[in-house]
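Residue numbers (the working numbering), protein chains in the order written: chain W, 836 to 1037; chain C, 663 to 735.
Heads up, the thing below is written out as structure tokens.
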Amino acid sequence: MEPPAGPGQADAEIVAGLRAGEARALTRAYGRYRERVYSFLLRLCGRAADADDLFQETFVQLARHARRLHPETDLRAWLFTVARNRYLSHRRTALWRRLRLALFSSEVPAPAGHETPHEATAFLGTAQRLERALGELPPPQREVLLLVGVEGMEQAAAARVLGLTEAALRQRLSRARARLRTLIPELVMRAGEEGKGDRDGT
Amino acid sequence: MEPERDPLLAALGALPRRSPDDTVDQATRRAALAELEHPVPESLLVRVAISSALTLVTLLYLQWAVLAASSLY
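Below, the structure written as structure tokens:
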């Protein structure tokens, strides 16, 4: 049987090892996806402390479900789905916490990813501008760009992770790209207004 | 336009990957390996939760019974 696009032979071996409860397979999965999952969570959350917790929960979840994984599991999609679900759950809790604070206090903390104003950033280069612009996108648009753009995930796999049809994913991706394009020129203009740091840093 | 050829997506793909710091890294490895090697059966968790709830209810009932009995005298 032809394996699904994405996981590849190495992932198939890892999944087989995980199903057998092999620690070596878990170590391989961790080594292979550690940075990718962490980068995804960090950019999604905008806060390292939150990303740290969700990252740990994701891999513990993998270990917990290792023996119950389907042999055909697309490991990458599985991990990103779990990471995203953890993030959504965390965001719901955070929203509820902010709502309670808003009800009982006049001071409302800034949402994740917007904890620093744009003027605090030096805008040293394209990567920084992109990171900043990603942080300004609404989460649904951010996550589709993180999966398809940053992670390079195939659209079909990204649609599975996000629980969307491929058509809906394409539509969301198109909107996200358009929004990002509108944000980046603004950021470039801001950088230009605020100093010469942009070119010096690149 | 093919998404792969979009320069914006290409720039996103070139963003650097981030790593968790060493403390988080080690803690995650340890926690995941411990979970794999010593899984806690979900049925056990359910049993623990149910017995905890029953114990709590029993204690509350006993407390109420003691208070009710002491109020009689």
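For every residue, glycine included, the Cβ atom is placed at its ideal position computed from N, Cα and C.
- In this structure, the beta-carbon distance from residue 897 of chain W to residue 694 of chain C falls below 8 Å.
- The C-alpha of residue 724 of chain C is placed about 49 Å away from the C-alpha of residue 915 of chain W.
- Its chain contains 876, 879, 880, 889 as the residues whose beta carbon lies nearer than 7 Å to that of residue 922 of chain W, once the 5 sequence neighbours on both sides are disregarded; these appear in chain order.
- The beta carbon of residue 996 of chain W does not come within 8 Å of any beta carbon belonging to chain C, so the residue lies off that interface.
- Residue 844 of chain W has its alpha-carbon roughly 16 Å from the corresponding atom of residue 862 of chain W.
- If you look at residue 887 of chain W, you'll find it in the alpha helix (DSSP H) that goes 883-900.
- In terms of beta-carbon proximity, residue 961 of chain W lines the interface with chain C, with at least one pair separated by less than 8 Å.
- Taking 7 Å as the cut-off between beta carbons, the residues of the stretch 691-713 of chain C near chain W are 691, 693, 694, 695, 697, 698, 699, 701, in sequence order.
- In the DSSP assignment, residue 991 of chain W falls within the unbroken alpha helix (DSSP H) covering 990-997.
- Under the 8 Å Cβ criterion, the stretch 901-917 of chain W counts as touching the stretch 849-862 of chain W, having at least three qualifying pairs.
- In this structure, residue 884 of chain W lies away from residue 873 of chain W, with their beta-carbon atoms at least 8 Å apart.
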